[in-house]
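Visitor: In my numbering, the protein residues as written are 459 to 550.
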């Protein structure tokens with residue numbers, strides 16, 4: 459593993475606990491680096507792993523957004539039910 463790959467790996471590991479904005483910035487930098495490596499025809503096992511992790515990240519981000527939308531819709535339905543039929547906390 460060369461120095462660039464080691465640095466990339468360390469950056470990914472250190473993302474735990476970072477803000478979403480910081481994570482997104484690091485991901486964009488990684489994508490830029492990957493594009494450079496791809497243009498040069500270079501590709502290592504670590505790069506393949508990073509690409510897979512980024513794809514999973516995008517999928518999970520989209521899945522989280524979908525779940526959040528579902529939860530909001532369910533909450534709206536519940537609030538509407540409580541408004542119609544009364545209940546503790548209706549209209550609160």
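Glycine included, each C-beta is placed from N, C-alpha and C at the ideal position. Small disclaimer: the values here were computed from a predicted structure and weren't measured.
On the criterion of 16 or more Cβ atoms from any shown chain inside 10 Å, does residue 494 qualify as buried, or is it exposed?
Guide: Exposed is the call here.
Visitor: Taking just the CA atoms, how far does residue 544 sit from residue 519?
Guide: Those two C-alpha atoms are separated by around 36 Å.
Visitor: Per DSSP, what kind of secondary structure is residue 498 in: helix, strand or coil?
Guide: Note: residue 498 maps to coil in three-state DSSP.
Visitor: Compute the distance between the beta-carbons of residue 484 and residue 470, then report whether it is under 9 Å.
Guide: A contact, by the Cβ cut-off of 9 Å.
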